[in-house]
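Participant: Mind having a look at this structure? Questions to follow.
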Amino acid sequence: ILNVEQSPQSLHVQEGDSTNFTCSFPSSNFYALHWYRWETAKSPEALFVMTLNGDEKKKGRISATLNTKEGYSYLYIKGSQPEDSATYLCASDTGGGNKLTFGTGTQLKVEL
Amino acid sequence: DARVTQTPRDKVTEMGQEVTMRCQPILGHNTVFWYRQTMMQGLELLAYFRNRAPLDDSGMPKDRFSAEMPDATLATLKIQPSEPRDSAVYFCASAPGLVPHEQFFGPGTRLTVL
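Note that the protein sequences, when read in sequence, are chains A and B.
For the working numbering, add 93 to where a residue sits in the first sequence, where the first one is 1.
For the working numbering, add 409 to where a residue sits in the second sequence, where the first one is 1.
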């Protein structure tokens with residue numbers, strides 16, 4: 094993996110469904126992995142910054158896991174709500190200077 | 410509450426004109442980033458500064474773009490001359506010096522070059 098890749102590109106789920114997305118990143122020279130939530134017409138807001146292999150972070154109904162050896166991270170949303178509708182971005186820091194390479198995001202739409 | 414501010418929020422200009430975008434980072438943050446949002450590339454890093462010194466501007470077209478930090482409370486991104494392909498939303502973000510750390514994004518400047 095040379096770039097940061099996210100899948101799926103977009104996702105439509107029903108309210109109450111649980112869902113997850115994938116972020117793949119270069120495993121060499123890994124320093125940190127960031128997740129951001131980006132609502133339409135707003136600016137990205139940080140969800141998690143993760144550094145340790147096997148790390149798991151949680152914020153309310155959203156959680157994330159990290160595998161630095163194989164270069165992937167999963168973001169989980171439990172019991173999706175319409176207000177979770179947003180684009181979820183992951184970004185890799187491979188230099189340690191907080192310089193991030195962003196993926197193109199997963200666009201989530203939660204329908205009633 | 411502390412937040413990154415950007416001006417202008419919207420700018421419409423004609424091809425060939427100079428455009429200056431300004432960013433005020435969160436007080437105490439010593440790292441400032443400029444990003445451009447495009448349909449094809451998503452969020453791409455144009456340049457970033459630490460303690461007002463440019464660390465990396467490799468993402469920026471050098472012939473027409475320039476980025477500076479005249480002081481710790483102001484970062485500027487200038488395009489001269491502007492071209493229609495520069496139309497995009499430009500975001501500024503700041504972060505404290507401790508790394509790794511989340512970045513705090515401003516509201517963005519939507520630039521339209523006619």
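Note that the Cβ used here is the ideal one computed from N, Cα and C, for glycine as well.
Note that this is a predicted model, so its numbers are computed, not measured.
Compare the beta carbon distance of A:SER38 and A:TYR165 with 8 Å and say whether it is the shorter of the two.
Facilitator: No answer is possible for residue 38 of chain A: it lies beyond the span of chain A, which begins at 94 and ends at 205.
Participant: Kindly indicate which residue of A:ILE155, A:GLU98, A:LYS150 has the alpha-carbon position closest to the one of B:GLY451.
Facilitator: Of A:ILE155, A:GLU98, A:LYS150, the residue nearest in Cα terms is A:GLU98.
Participant: I'd like the ranges of any beta strand (DSSP E) spanning at least 3 consecutive residues and lying wholly in the segment 118-148 of chain A.
Facilitator: The qualifying runs are 125-131, 138-143.
Participant: Does A:ASP148 have its Cβ less than 8 Å from a Cβ in chain B?
Facilitator: Chain B contact via Cβ: absent.
Participant: Taking Cβ positions only, does A:VAL203 come closer than 8 Å to chain B?
Facilitator: For A:VAL203, the answer is no, since every Cβ of chain B falls outside 8 Å of its Cβ.
Participant: Considering only their Cβ atoms, is the gap separating A:SER185 from A:THR194 smaller than 8 Å?
Facilitator: Yes, the pair counts as a contact, with Cβ atoms nearer than the cut-off.
Participant: According to DSSP, simplified to helix, strand and coil, what is A:ASP177?
Facilitator: It is helical.
Participant: Using a Cβ-Cβ cut-off of 8 Å, state whether A:PHE195 counts as contacting chain B.
Facilitator: It does: the Cβ of A:PHE195 has a partner Cβ on chain B nearer than 8 Å.
Participant: Using three-state DSSP, classify B:ARG494 as helix, strand or coil.
Facilitator: In this structure, B:ARG494 counts as helix in the three-state DSSP scheme.
Participant: Can the beta-carbon of B:ALA456 be found closer than 8 Å to that of B:TRP443?
Facilitator: The answer is yes: Cβ separation under 8 Å.
Participant: So, at 6 Å on beta carbons, what are the nonlocal neighbours of A:GLY172 in its own chain, with the 5 sequence-adjacent residues on each side left out?
Facilitator: The answer, listed in chain order, is GLY109, ARG154.
Participant: Please report the residue range of the beta strand (DSSP E) in which B:ALA462 lies.
Facilitator: First-last of the beta strand (DSSP E) with B:ALA462: 462-465.
Participant: Cβ closer than 9 Å: which chain A residues qualify as neighbours of B:GLN512?
Facilitator: Those are HIS127, TYR129, PRO137, ALA139, ALA184, ASN191, LEU193, listed as they occur along chain A.
Participant: So which residues on chain B does A:TYR124 lean against when the C-beta distance must stay under 9 Å?
Facilitator: Correct list: VAL508, PRO509.
Participant: What residues are listed by DSSP as bridge partners for B:ASP480?
Facilitator: DSSP lists B:LEU483 as partners of B:ASP480.
Participant: Cβ closer than 7 Å: which chain B residues qualify as neighbours of A:THR85?
Facilitator: Because residue 85 of chain A is not part of the residues shown, which for chain A are 94 to 205, the question remains open.
Participant: Taking 8 Å as the limit between beta carbons, can you name the residues of its chain near A:GLU204, skipping five residues before and five after?
Facilitator: Closer than 8 Å at Cβ, skipping near neighbours: HIS105, VAL106, GLN107, GLU108, PRO175.
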